[in-house]
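Student: Structure below; questions to follow.
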Amino acid sequence: MFVGSRQFPARRGGMDMYGRRTAIWVWPFMLLVLLACNKKETMLPPERTSDAPRQTMVAPVEESASGTVSRRSITLGFSQLGSESDWRNANSESVKEAAAEAGIELLFENAEQSQEKQFEAIRSFVAKKVDVIAIAPVIETGWEPILREVKQAGIPVIMVDREMKISDPSLYVTFIGSDFYEEGRKAGKFLRDFMLDEPGPIRIAELKGTEGSSPTIERAKGFRDIIRERDDFEIILSEHANFTVEGGRRVMEKFLEERGSEIRVLFAHNDDMALGAVEAIKAYGLRPGEDIIIISVDGSRKALEKLAAGEFNFVVECNPLIGPQIMQAVQEIMEGRSLPKRIVSSETVFTQATAAQELPNRRY
Ligand code: GYE
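Structure, rendered in structure tokens:
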């Protein structure tokens, strides 16, 4: 064992002979080491000198060729799922505007409803070594393999708007969006209260959004969980119309041909499909908002106009203007702060009575 003072006599302060001899050799050497350290220290950029306070990293620091240190902007890769609705377009605009305002460089890719295209976009973001990737996923499933690739590359992921079904929560940092299940419940509660004095059977047609997408799955679930309270509420028709005006019109025409005289209520999973359906209902010779009660989700300007005009009966708000929250999350991630796993927008509902007063504030 080499722990006794015999092995390290110099530690006794160089007072014995052995120690003094060592000191004679050591002093010139130590001087050299000190000089070298001093030189190295002056070559470091100011942020890295040992006594400079640790910088809060709002943006990664980059050293230019001239040796000056500047903050380079953060780069965000955003995989948008498409441009199917007014909600989506407002959402894209909000993201672009907020990125510009925050000084975040945005790489924006529109996948036009294709999950494959989203994978391509995400891989291109990884190749470009972006700082953060945000994904608005077209459908819920099938994301784990690509998210593992992103994790491997060390890039944090924000799930935006729609949710992904994944079993490993370490594959994303946070979800920023709406509570679609609650939106479905709000639609159901309106119908329950509105029909309080109307005897059944109340026959309902449903226009669902994109198959396999989280707003479609959750809105359908929430709505059903409320209307099952009355057993004379009956969903007699239910089909996907992909969140578009055209889809809503086409599917509603079919519904009306099949069972036009029976439909008392239309629950559309978004405004665009409800707007298309209103055209079909008028063409069929019925009055939207009276013969057929219309409930939709989003709260676009066009929908609130229809609501104020009495052609819609109820709109559940879903807020697309989440760009600023996304940028804030990106900055917080870059600062190394931890975020809650879900950041859910607070949202309201609109009736025929409140629509008109909301219209002047509506930005989309
Ligand atoms: O309701 C619909 C859009 O994912 C919340 O997608 C979004 C939905 C929105 O196309 O209009």
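Be aware that the sequence shown starts at 12, since it is given in this note's numbering, and climbs by one per residue.
Ideal placement from N, C-alpha and C gives every residue a C-beta, glycine not left out.
Identify the continuous alpha helix (DSSP H) that holds residue 121 and give its terminal residues.
Tutor: Taking the sequence shown and counting its residues from 1, one reaches residue 121 at position 110. Careful: residue 121 lies outside any alpha helix (DSSP H), inside the beta strand (DSSP E) at 116 to 121.
Student: Under three-state DSSP, which class holds residue 17?
Tutor: Residue 17 sits at position 6 when you count from the first residue of the sequence shown. Summary for residue 17: the model assigns pLDDT 32, below 50, so the residue's position carries little reliability, and this model does not support an answer.
Student: From which residue to which residue does the beta strand (DSSP E) around residue 170 run?
Tutor: As a position in the sequence shown, residue 170 is number 159, starting the count at 1. Element bounds for residue 170: 168 to 172.
Student: Using the rule of at least 16 other Cβ atoms within 10 Å of the residue's Cβ for burial, across every protein chain shown, is residue 258 buried or exposed?
Tutor: In the sequence shown, counting from the first residue as 1, residue 258 sits at position 247. It counts as buried.
Student: What residues are listed by DSSP as bridge partners for residue 186?
Tutor: The count along the sequence shown starts at 1 and reaches residue 186 at position 175. Bridge partners of residue 186: 170, 353.
Student: What do you reckon, are the CB atoms on residue 329 and residue 369 nearer than 8 Å?
Tutor: In the sequence shown, the residue the question calls residue 329 occupies position 318. In the sequence shown, the residue the question calls residue 369 occupies position 358. Against a cut-off of 8 Å, the Cβ pair of residue 369 and residue 329 comes out as no contact.
Student: Report whether the distance from the Cβ of residue 154 to the nearest heavy atom of the ligand GYE is below 7 Å.
Tutor: Against the sequence shown, residue 154 aligns to sequence position 143. Closer than 7 Å to some heavy atom of the ligand GYE: that does not describe the Cβ of residue 154.
Student: Quick check for students: name the residue ranges of the alpha helix (DSSP H) that lie wholly in the segment 277 to 342, counting only runs of 4 or more.
Tutor: Within the segment 277 to 342, the complete alpha helix (DSSP H) runs of at least 4 residues are 282 to 295, 312 to 319.
Student: In the DSSP output, which residue or residues are listed as bridge partners for residue 213?
Tutor: Within the sequence shown, numbered from 1, the residue matching residue 213 stands at position 202. Paired residues: 244.
Student: If you drop the 5 nearest sequence neighbours on each side, which residues of the same chain put their C-beta closer than 8 Å to that of residue 264?
Tutor: As a position in the sequence shown, residue 264 is number 253, starting the count at 1. Closer than 8 Å at the Cβ level, and outside the excluded window around residue 264, lie 291, 294, 295.
Student: Do the segment 113 to 126 and the segment 194 to 209 meet, that is, are 3 or more Cβ pairs less than 8 Å apart?
Tutor: no
Student: Relative to the C-alpha of residue 377, which residue among 202, 372, 182, 115 is closest?
Tutor: No answer is possible for residue 377: it lies beyond the span of the chain, which begins at 12 and ends at 375.
Student: Between the alpha carbons of residue 148 and residue 298, how many angstroms are there, rounded?
Tutor: In the sequence shown, counting from the first residue as 1, residue 148 sits at position 137. In the sequence shown, counting from the first residue as 1, residue 298 sits at position 287. Taking the straight line from one Cα to the other gives about 36 Å.
Student: Determine the contact status of residue 344 and residue 167, defining contact as a CB-CB distance below 8 Å.
Tutor: For the purposes of this step, residue 344 is taken as residue 333 along the sequence shown, with counting starting at 1. For the purposes of this step, residue 167 is taken as residue 156 along the sequence shown, with counting starting at 1. Against a cut-off of 8 Å, the Cβ pair of residue 167 and residue 344 comes out as a contact.
Student: Residue range of the beta strand (DSSP E) that residue 91 falls in?
Tutor: As a first step, residue 91 is located in the sequence shown; it is residue number 80 there, counting from the start. Run containing residue 91: 86 to 91, per the beta strand (DSSP E) assignment.
Student: Please report the distance separating the alpha-carbon of residue 198 from that of residue 360.
Tutor: Position 187 of the sequence shown, counting from 1, holds the residue named residue 198. Position 349 of the sequence shown, counting from 1, holds the residue named residue 360. So the alpha carbons of these two residues sit roughly 9 Å apart.
Student: Nearer than 7 Å: is that true of the beta carbon of residue 281 relative to any heavy atom of the ligand GYE?
Tutor: Along the sequence shown, one-based indexing puts residue 281 at 270. Yes - the ligand GYE has a heavy atom lying nearer than 7 Å to the Cβ of residue 281.
Student: From this set, 288, 280, 170, 184, which residue's C-alpha is nearest residue 262's C-alpha?
Tutor: Residue mapping note: residue 262 aligns to position 251 of the sequence shown, counting from 1. Considering only alpha carbons, the answer is 288.
Student: How many whole angstroms separate the CB atoms of residue 150 and residue 224, which I take to be in contact at a CB cut-off of 8 Å?
Tutor: Here residue 150 is taken as the residue at index 139 of the sequence shown, counted from 1. Here residue 224 is taken as the residue at index 213 of the sequence shown, counted from 1. Yes, residue 150 and residue 224 are in contact; Cβ-Cβ is about 5 Å, under 8 Å.
Student: Given a threshold of 16 other Cβ atoms within 10 Å of its Cβ, counted over all protein chains shown, does residue 242 qualify as buried or as exposed?
Tutor: Along the sequence shown, one-based indexing puts residue 242 at 231. Under this definition residue 242 is an exposed residue.
Student: Closer than 7 Å by C-beta to residue 373: which residues in its own chain qualify, once you throw out the five before and the five after it? Chain order, please.
Tutor: The residue you call residue 373 lines up with position 362 of the sequence shown. Contacts found: 312, 315.
Student: Any heavy atom of the ligand GYE closer than 7 Å to the Cβ of residue 220?
Tutor: Within the sequence shown, the letter at position 209 stands for residue 220. Residue 220: yes, Cβ under 7 Å from the ligand GYE.
Student: Figure out for me which residue from 324, 272, 273 has the closest Cα to the Cα of residue 279.
Tutor: Counting from 1 along the sequence shown, the entry for residue 279 is found at position 268. The shortest Cα separation from residue 279 among 324, 272, 273 belongs to 324.
Student: What is the rounded straight-line gap between the Cα of residue 161 and the Cα of residue 326?
Tutor: Along the sequence shown, one-based indexing puts residue 161 at 150. Along the sequence shown, one-based indexing puts residue 326 at 315. If you take the alpha carbons of residue 161 and residue 326, they lie about 38 Å apart.
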